[in-house]
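The next block holds one structure in the form of structure tokens; read it before the comments.
There are 4 protein chains.
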Amino acid sequence: MPYEYPQKVLFKHCDPAGIVFYPRYFEMINDCVEGFFDDVIGVPFEVLLREGGVPTADISVKFHKPSFHGDRLVLNLSPVRFTAKSFTLEIRALCADEARFTSNSTLVYVGSNGRAADWPDAISTPLKQFSEVTL
Amino acid sequence: MPYEYPQKVLFKHCDPAGIVFYPRYFEMINDCVEGFFDDVIGVPFEVLLREGGVPTADISVKFHKPSFHGDRLVLNLSPVRFTAKSFTLEIRALCADEARFTSNSTLVYVGSNGRAADWPDAISTPLKQFSEVTL
Amino acid sequence: MPYEYPQKVLFKHCDPAGIVFYPRYFEMINDCVEGFFDDVIGVPFEVLLREGGVPTADISVKFHKPSFHGDRLVLNLSPVRFTAKSFTLEIRALCADEARFTSNSTLVYVGSNGRAADWPDAISTPLKQFSEVTL
Amino acid sequence: MPYEYPQKVLFKHCDPAGIVFYPRYFEMINDCVEGFFDDVIGVPFEVLLREGGVPTADISVKFHKPSFHGDRLVLNLSPVRFTAKSFTLEIRALCADEARFTSNSTLVYVGSNGRAADWPDAISTPLKQFSEVTL
Numbered sequence: 579m580p581y582e583y584p585q586k587v588l589f590k591h592c593d594p595a596g597i598v599f600y601p602r603y604f605e606m607i608n609d610c611v612e613g614f615f616d617d618v619i620g621v622p623f624e625v626l627l628r629e630g631g632v633p634t635a636d637i638s639v640k641f642h643k644p645s646f647h648g649d650r651l652v653l654n655l656s657p658v659r660f661t662a663k664s665f666t667l668e669i670r671a672l673c674a675d676e677a678r679f680t681s682n683s684t685l686v687y688v689g690s691n692g693r694a695a696d697w698p699d700a701i702s703t704p705l706k707q708f709s710e711v712t713l
Numbered sequence: 579m580p581y582e583y584p585q586k587v588l589f590k591h592c593d594p595a596g597i598v599f600y601p602r603y604f605e606m607i608n609d610c611v612e613g614f615f616d617d618v619i620g621v622p623f624e625v626l627l628r629e630g631g632v633p634t635a636d637i638s639v640k641f642h643k644p645s646f647h648g649d650r651l652v653l654n655l656s657p658v659r660f661t662a663k664s665f666t667l668e669i670r671a672l673c674a675d676e677a678r679f680t681s682n683s684t685l686v687y688v689g690s691n692g693r694a695a696d697w698p699d700a701i702s703t704p705l706k707q708f709s710e711v712t713l
Numbered sequence: 579m580p581y582e583y584p585q586k587v588l589f590k591h592c593d594p595a596g597i598v599f600y601p602r603y604f605e606m607i608n609d610c611v612e613g614f615f616d617d618v619i620g621v622p623f624e625v626l627l628r629e630g631g632v633p634t635a636d637i638s639v640k641f642h643k644p645s646f647h648g649d650r651l652v653l654n655l656s657p658v659r660f661t662a663k664s665f666t667l668e669i670r671a672l673c674a675d676e677a678r679f680t681s682n683s684t685l686v687y688v689g690s691n692g693r694a695a696d697w698p699d700a701i702s703t704p705l706k707q708f709s710e711v712t713l
Numbered sequence: 579m580p581y582e583y584p585q586k587v588l589f590k591h592c593d594p595a596g597i598v599f600y601p602r603y604f605e606m607i608n609d610c611v612e613g614f615f616d617d618v619i620g621v622p623f624e625v626l627l628r629e630g631g632v633p634t635a636d637i638s639v640k641f642h643k644p645s646f647h648g649d650r651l652v653l654n655l656s657p658v659r660f661t662a663k664s665f666t667l668e669i670r671a672l673c674a675d676e677a678r679f680t681s682n683s684t685l686v687y688v689g690s691n692g693r694a695a696d697w698p699d700a701i702s703t704p705l706k707q708f709s710e711v712t713l
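Top to bottom, those sequences are chains A, B, C and D. Read in order, the letters of the first sequence correspond to residues 579 to 713 in the working numbering. Read in order, the letters of the second sequence correspond to residues 579 to 713 in the working numbering. Read in order, the letters of the third sequence correspond to residues 579 to 713 in the working numbering. Read in order, the letters of the fourth sequence correspond to residues 579 to 713 in the working numbering.
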């Protein structure tokens, strides 16, 4: 089962064409990943970031259909690949059952010195479990 | 003479009504103050923030007329009041000679411990000079 | 009773000092007002904006204490003054019982031609009721 | 020759780790494309959007190194593929000669009805020329 993150399209997200300004989708994606670490991994970003970080190494997004002010989106986060140092995830954003965008991104772990490192156990254990159960 | 900061209204600033979404004006105001510290005070924020900070204690803004995509604004920053621990400034945003908004805000200095402190000399000297010459 | 709008401080809200970047507070304020029109007035912005708008004419904010990543804020929206053409409101943002900021802003109604107009009945009736009950 | 768009990393772009918050890069990418249409194509977005639009159909970005507050980036926009209905472009962001990110995105043209359409001549002529000269 993917992790579901609901997000109504608000006024602030929309551009002069009345649709979501696409850089705002990347804020939604970041919020969804932050919610996932909070709700599923059990290590909220505000705790995780005291000792390290989870920068995004790469991201690709296809925009299928525009989203309009008031649309009720659900971002569905699924695992793609889990390794000792990285986690690749897909997010499919749906409005009812219409796909709006699909993103594919890879997170890496960095320690307090800013260098790539293995996931700490507190993160790797639930991340591995989510990956195995959901894949 | 006020410090002048030009800012074209870009697509990202505009809302579904085709005018500037007002929280974006506060980013412009922050960019203008950052430019002022860089160009006039000679202490860029990226240097200043290594040892302290200049949080905004309060701000009030009147929006006179909407701004549209493509408008070429100039933000005019003038001193209002300079003290040992604070600096109050006005920014008038004009498009040609039409006023779009006027803001009034107070910056304070905080040291590396996050507490209010006197302006360091490197800041207070040019800030005082700007205040005296311009007022 | 004020209208309460909860908002956790997320990674996207925070600046290099680890506290909320104040232009982000204005997005929160806008989201709170949008929630208020949805939940209390019964006219969501995505409906209201088809025929008119509610631009902010002025706003002033005092920042009492910084907010940190992970803080759970509640924005409390109360009426200050209701007239045929405007609505002045206060928002007090609390973290537990510590005040973080207080804003005071005035909304006006504009019709489809972009000019100031009286509130339509569908808005003025619940707005008046909220103002009378809450004041 | 790519189109060059300079962008200093400002306070507003940076996150609690002191580096650019990656959704802000997408605003920079959008600003760069807007600058390109203004400076190279000769059809500014504020004119183009009266009759149509240029939504981004897909985008992928690799983040090579973090960018810090104060860094002076240059975004270098080059053509990848030009067709009757789309334009694929690469943006390489450099700080001095260090690559920070590389994006690859496809723009499509939509008419006033929101449907995909051929580029109007006023856009396709300079877009084709830029593609031929630069490829």
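Note that CB positions come from ideal geometry on N, CA and C, so glycine has one too. Please read all numbers here as calculations on a predicted model, not as lab measurements.
Rounded separation between residue i and residue j - CA only
i	j	result
N682(A)	S664(B)	47 Å
S709(B)	V658(B)	8 Å
L653(B)	D699(B)	27 Å
P580(C)	D696(D)	52 Å
G689(C)	P594(B)	15 Å
D649(A)	C673(A)	7 Å
D636(B)	Q707(A)	47 Å
A677(B)	D675(C)	39 Å
F623(C)	D617(C)	11 Å
L626(C)	F615(C)	9 Å
L651(B)	Y583(B)	8 Å
F599(D)	S702(D)	34 Å
T661(C)	K586(A)	30 Å
T684(A)	C592(A)	27 Å
T666(B)	T634(B)	10 Å
I619(A)	V711(A)	13 Å
G613(A)	V621(C)	29 Å
L705(B)	R628(B)	19 Å
E668(A)	E668(D)	23 Å
N691(A)	N691(B)	22 Å
Best match in the options for proximity to residue i [C-alpha to C-alpha]
i	options	result
R670(A)	D593(A), L705(A), P698(A) and F641(A)	F641(A)
R693(A)	F660(A), V632(A) and E668(A)	V632(A)
F604(A)	E582(A), V639(A) and L626(A)	V639(A)
R602(D)	N691(D), H647(D), S702(D) and L685(D)	H647(D)
T680(B)	I619(B), N691(B), S702(B) and L655(B)	L655(B)
L588(A)	L588(C), V611(C) and T634(C)	V611(C)
V686(B)	V621(B), G630(B), I619(B) and G613(B)	G630(B)
Proximity test, residue i beta-carbon vs the ligand ATP heavy atom, cut-off 6 Å
i	result
K640(C)	Only the bare structure without any ligand can be found here, which leaves the ligand ATP out of the picture.
Contact belief for residue i with residue j at Cβ below 8 Å, rounded distance in angstroms
i	j	result
S645(B)	I597(B)	6 Å
K643(D)	D609(B)	About 24 Å; that fails the 8 Å criterion.
Secondary structure of residue i, DSSP reduced to three states
i	result
R650(B)	strand
L672(C)	strand
T703(C)	helix
S681(B)	strand
S709(A)	helix
T666(D)	strand
A694(A)	strand
Y583(D)	strand
Ignoring anything shorter than 4 residues, give me the alpha helix (DSSP H) runs that lie fully in the segment 586-656 of chain B, in order along the chain. Contiguous alpha helix (DSSP H) elements confined to the segment 586-656 of chain B occur at 600-614 and 623-626, taking only those with 4 or more residues.
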